[in-house]
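Asker:
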Amino acid sequence: MNTWQQILSEVLKTVNKTLGVTIDPAQVAIPPDSKFGDIAIPCFSFASAKGGSSSGGKAPGVIAKEWAEKLSATTVFPLTKGGLIESVHASGPYVNITLNAAAVADIVLQKSAGKPSFAKASAGKRVMIEYSQPNTHKEFHVGHLRNATLGAALVNLYRKSGYQVKAANYIGDVGAHVAKCLWALTKFHAKEKPPKGAEGSAKGGRGAWLGKLYVEGHVKTEADETAKEESKEILRKLEAGDKKLTALWKKTRAWSLQQFKDIYKDLGVTFDVWYFESAVENPGKKIVKELLKKKIARISEGATIVDLEKDKLGVFLVLRTDGTSLYSTKDLALAQEKFKKYKLDESIYVVDNRQSQYFKQLFRTLELMGFKKKMAHVAYEMVTTSGGAMSSRAGNVIRYEEVRAEVEARLQKETKTRHPDWSAKKVAGVAHSIMLGALKFMMLQHDPSKVVVFNMDEALAFDGYTGPYIQYSYARIASILRKAPHLSLRGGHQADEATPSGLLRRARNDEQLLTEPEAKRLLLMLARFLDTVEEARVTYNPAVLCRYLYETAKSFTDFYSKHKVLCDDPHQRAARLMLCQATQDTLQAGMDILGIPWLGEM
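Residue numbers 1 to 602, in full-length UniProt numbering, belong to the letters of the sequence shown in order.
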């Protein structure tokens, strides 16, 4: 039982016993403003539409008032020193409960006497999360960051919940885009030497060069029918195994893969499994033949389709008229390969929302094949700029390497100004960490269903809803704790008053410790951390955790701005330092899940 669950359990045990009702923790709400209390119990479910049958036909507002009066008058729980419930009052159809600050501090700091302990209720369940999925022979741009950061955060959320997670990447290394790139390369650039720059440099190396050739190939093949047919012929030859083209494909494919790996290393993103479209192309074509044999698929105007009109999902194309494969051809094979090899309980696909209909068709087709497994599509919106959407085909993308170089140069200059005594290596390291914090938080702070407008100026701000603000809050706490190294904040052999148990015994006799409104607000935020992590996981939405970390950092700022941590009173100082330590531990755990670096100094 985590901290918030323990608080709710104790409160509801008293409430249910006193009122003779059964209120589930899931029914409890958090008031929008602490002036209404810390916990709100809605009374709607205890009243019928016509006034209520379970409470003698009374309206929710009347029930709330009677309950509040009964709870306030009871002697079952102490409303004075040491009790968890401090006061109760009705507000419309809600029973609002204010918690006792000292009792909250008791529970939260006892639970926080160490790093957050994540529940392992799902231990043993196997999940694969497939994400990133860039195409070789194309640019890796900032739009790809949303998928990479979202997928990596989901992997961490599932692992913290006890799942056995396989993080998978599925590389698009075959298809029309490869053919267009190779067509442009052989047609116009056969005698050129690829650039020698490092793959991760601002100018880019051979992988970035291929991305430019793809744009050229796409534009020219779209404008000229002859060029388009030549590109299609390259695709047919590649699928047929033409030796010369296959050798060129392997060589250029390696350039793109090296670029991707360099970027992933820079981002701190890792994968357990690498899949390639080229490896499941032929197995996919075999499955299409089985679909035809079982009459699940049929030929329509030369193409192979699965008619899903009865399911209101339209027509699912699984093979082109010329016999070349599609995403669907390969995904049918890959879905089965994943479950067969890794004995999965669930397979999750992180792919943009333009493919929502596609995944509904894919999952339904697999069901018709008798493949009824748990699969989920985590859809997300696109990343745009102030000028509109980015497109690799149009060539108007912002490359990740360019952004990183520009932002790091800016941050190094600012960091050097703030800390002229720091070494160049330290300045560069801090700048890189802030850059990652800014970029990742920008991609994760919005619900997946919302568009992300790429704006580095906003993302780099040290105040407001940004990654650097969270990082700065962590660094500020680290600075405070460095000034009090003699205190044992997690127990040990220091003065009894400086240990959690010693301090909390003191708190029972002196309720002035951590009873300030700002301290209580922060303590309640810390109590809800593990519940927030679970909410972010079950909703596939790391933005829930982003908002939590921001509110926690903001609550700490409010507390710190009004109350001196390193004050003269030793008991007060110890209590506030413990609160700082618990806050830092929580911020760190949350940032680790999001993949955001935490810094002791900024």
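Heads up, the beta-carbon is just placed ideally off N, CA and C, and yes, glycines get one too.
Report the option in Pro420, Glu516, Leu332 and Gln110 whose CA atom is closest to the CA atom of Pro283.
Answerer: Counting from 1 along the sequence shown, the entry for residue 283 is found at position 283. Cα-wise, what sits closest to Pro283 is Leu332.
Asker: Taking the alpha carbon of Ile171 as the reference point, which residue from Phe44, Ala103 and Leu257 has its own alpha carbon closest?
Answerer: As a first step, residue 171 must be located in the sequence shown, where it is residue number 171. Comparing C-alpha distances from Ile171 to each of Phe44, Ala103 and Leu257 shows the shortest one belongs to Leu257.
Asker: Name the DSSP beta bridge partners of Trp274, please?
Answerer: Your numbering for residue 274 matches position 274 in the sequence shown. In DSSP, Trp274 forms a bridge with Asn169.
Asker: Using three-state DSSP, classify Pro468 as helix, strand or coil.
Answerer: In the sequence shown, the residue the question calls residue 468 occupies position 468. Of the three classes helix, strand and coil, the one that applies to Pro468 here is helix, per DSSP.
Asker: So Pro25 and Leu12 are supposed to be a Cβ contact under 8 angstroms. How far apart are they, rounded?
Answerer: For the purposes of this step, residue 25 is identified with residue 25 of the sequence shown, where counting begins at 1. For the purposes of this step, residue 12 is identified with residue 12 of the sequence shown, where counting begins at 1. Indeed, because the Cβ distance is near 6 angstroms, the residues count as touching under 8 angstroms.
Asker: Who are the near neighbours of Pro60 in its chain, counting only those whose CB is closer than 6 angstroms to its CB and skipping five residues on each side?
Answerer: Within the sequence shown, residue 60 is the residue found at index 60, counting from 1. Counting only Cβ-Cβ distances below 6 angstroms, and skipping sequence neighbours, we find Cys43, Phe44, Ala47 and Pro93.
Asker: Reducing DSSP to helix, strand and coil, say where Gly590 ends up.
Answerer: What you label residue 590 is simply residue 590 of the sequence shown in a count that begins at 1. Reduced to three states, the DSSP call for Gly590 is helix.
Asker: State the Cα-Cα distance for the pair Ser231 and Thr221, rounded to the nearest angstrom.
Answerer: Walking along the sequence shown from the start, residue 231 turns up at place 231. Walking along the sequence shown from the start, residue 221 turns up at place 221. So the alpha carbons of these two residues sit roughly 7 angstroms apart.
Asker: Looking at the structure shown, is Ser479 part of a helix, part of a strand, or coil, going by DSSP?
Answerer: Mapped onto the sequence shown, residue 479 falls at position 479. The answer is helix: DSSP assigns Ser479 an H, G or I state.
Asker: Tell me the DSSP secondary structure of Arg528 in three-state form.
Answerer: As a first step, residue 528 is located in the sequence shown; it is residue number 528 there, counting from the start. Three-state DSSP puts Arg528 in coil, outside helix and strand.
Asker: Could you tell me which of Leu524, Ile63, Ala223 and Glu601 sits nearest to Tyr469, measuring between CA atoms?
Answerer: One-based indexing of the sequence shown puts residue 469 at position 469. Closest option to Tyr469, Cα to Cα, is Glu601.
Asker: Helix, strand or coil for Ser356 per DSSP?
Answerer: As a first step, residue 356 is located in the sequence shown; it is residue number 356 there, counting from the start. Note: Ser356 maps to helix in three-state DSSP.
Asker: Ignore the nearest five residues each way along the sequence and tell me which others in Val155's own chain have a CB closer than 7 angstroms to its CB.
Answerer: On the sequence shown, position 155 is the one that residue 155 refers to. Ile129, Val165 and Ala167, listed in sequence order.
Asker: Who are the Cβ neighbours of Lys564 in its own chain at under 7 angstroms, not counting the five residues just before and after it?
Answerer: Taking the sequence shown and counting its residues from 1, the one referred to as residue 564 is at position 564. So no residue of the chain qualifies.
Asker: When we look at the beta-carbon of Gln445 and count the other beta-carbons within 10 Å, is it buried (16 or more) or exposed?
Answerer: Looking up residue 445 in the sequence shown gives position 445. The residue is buried, with at least 16 neighbouring Cβ atoms inside 10 Å.
Asker: Pro195: which of Val108, Ala40, Trp209 and Ala575 sits nearest, CA to CA?
Answerer: The count along the sequence shown starts at 1 and reaches residue 195 at position 195. Taking only the C-alpha atoms, the option nearest Pro195 is Trp209.
Asker: In terms of residues, what are the limits of the alpha helix (DSSP H) holding Arg410?
Answerer: For this step, residue 410 is matched to residue 410 along the sequence shown. Tyr400 to Arg418 is the span of the alpha helix (DSSP H), which, as asked, contains Arg410.
Asker: On the three-state DSSP scale, how would you describe Leu150?
Answerer: Numbered from 1 along the sequence shown, position 150 holds the residue referred to as residue 150. If DSSP states are grouped into helix, strand and coil, Leu150 belongs with the helices.
Asker: Taking the alpha helix (DSSP H) that Pro60 belongs to, which residues open and close that run?
Answerer: Translated into positions along the sequence shown, residue 60 becomes position 60. For Pro60, the uninterrupted alpha helix (DSSP H) run begins and ends at Pro60 to Ala73, by DSSP.
Asker: Span of the beta strand (DSSP E) holding Val318?
Answerer: Taking the sequence shown and counting its residues from 1, the one referred to as residue 318 is at position 318. Val318 -> beta strand (DSSP E) spans Val315 to Leu319.
Asker: To the nearest angstrom, report how far apart Thr18 and Leu524 are at their CA atoms.
Answerer: For this step, residue 18 is matched to residue 18 along the sequence shown. For this step, residue 524 is matched to residue 524 along the sequence shown. The straight-line gap from Cα to Cα measures roughly 24 angstroms.
Asker: Is the beta carbon of Phe271 closer than 7 angstroms to that of Asn169?
Answerer: Counted from its first residue, the sequence shown places residue 169 at position 169. Counted from its first residue, the sequence shown places residue 271 at position 271. For Asn169 and Phe271, yes; Cβs fall inside 7 angstroms.
Asker: Counting along the chain, where does the alpha helix (DSSP H) carrying Ala247 start and finish?
Answerer: Here residue 247 refers to the residue found at position 247 of the sequence shown. Per DSSP, Ala247 belongs to the alpha helix (DSSP H) from Lys243 to Leu267.
Asker: Once you ignore the five residues that flank Glu534 on each side, which residues in its own chain have a CB closer than 6 angstroms to its CB?
Answerer: The residue labelled residue 534 in the question sits at position 534 within the sequence shown. Listed in chain order, the non-local C-beta contacts of Glu534 below 6 angstroms within the same chain number zero, local neighbours out to five positions each way being set aside.
Asker: Do you know how far the Cα of Phe188 is from the Cα of Ala478?
Answerer: Working through the sequence shown from its first residue, we reach residue 478 at position 478. Working through the sequence shown from its first residue, we reach residue 188 at position 188. Rounded to whole angstroms, Ala478 to Phe188 spans 57 angstroms at the Cα level.
Asker: Using only the alpha-carbon positions, how far apart do Gly467 and Val306 sit?
Answerer: As a first step, residue 467 must be located in the sequence shown, where it is residue number 467. As a first step, residue 306 must be located in the sequence shown, where it is residue number 306. One alpha carbon belongs to Gly467, the other to Val306, and they sit about 46 angstroms apart.
Asker: Once the 5 residues before and after Phe276 are set aside, which same chain residues still bring their CB inside 7 angstroms of it?
Answerer: Residue mapping note: residue 276 aligns to position 276 of the sequence shown, counting from 1. Excluding residues within five positions, the ones whose Cβ falls inside 7 angstroms are Ile171 and Asp173.
Asker: Of all the beta strand (DSSP E) runs that stay within the bounds of the region 283 to 354, which reach a length of 3 or more residues?
Answerer: 298 to 300, 303 to 307, 315 to 319 and 346 to 350
Asker: In three-state terms, what does DSSP make of Gly217?
Answerer: Start at 1 with the first residue of the sequence shown, and residue 217 comes out as number 217. The answer is helix: DSSP assigns Gly217 an H, G or I state.
Asker: Bridge partners of Ala29, per DSSP?
Answerer: Working through the sequence shown from its first residue, we reach residue 29 at position 29. Ala40, per the DSSP bridge assignment.
Asker: How far does the beta strand (DSSP E) with Ser433 in it extend, from its first residue to its last?
Answerer: What you label residue 433 is simply residue 433 of the sequence shown in a count that begins at 1. Looking at the DSSP string, Ser433 is not in any beta strand (DSSP E); the run it does join, the alpha helix (DSSP H), is Ala424 to Leu444.
Asker: Among the candidates Gly204, Ala179, Thr324 and Lys243, whose CA atom is the shortest distance from the CA of Glu216?
Answerer: Position 216 of the sequence shown, counting from 1, holds the residue named residue 216. Glu216 has its Cα closest to that of Ala179, out of Gly204, Ala179, Thr324 and Lys243.
Asker: Taking only three categories from DSSP, how would you classify His177?
Answerer: To locate residue 177, count along the sequence shown from 1; it is residue 177. Residue state, collapsed to three classes: helix.
Asker: For the beta strand (DSSP E) that Leu99 lies in, which residues bound it at each end?
Answerer: To locate residue 99, count along the sequence shown from 1; it is residue 99. Its beta strand (DSSP E) spans residues Tyr94 to Leu99.
Asker: What number of angstroms, rounded off, separates the C-alpha of Ser555 from the C-alpha of Asp33?
Answerer: Taking the first residue of the sequence shown as 1, we reach residue 555 at position 555. Taking the first residue of the sequence shown as 1, we reach residue 33 at position 33. Answer to the nearest angstrom: the Cα atoms are 13 angstroms apart.
Asker: Does the distance from the C-beta atom of Leu545 to that of Thr557 stay below 7 angstroms?
Answerer: Taking the sequence shown and counting its residues from 1, one reaches residue 545 at position 545. Taking the sequence shown and counting its residues from 1, one reaches residue 557 at position 557. No, they are not a contact pair.
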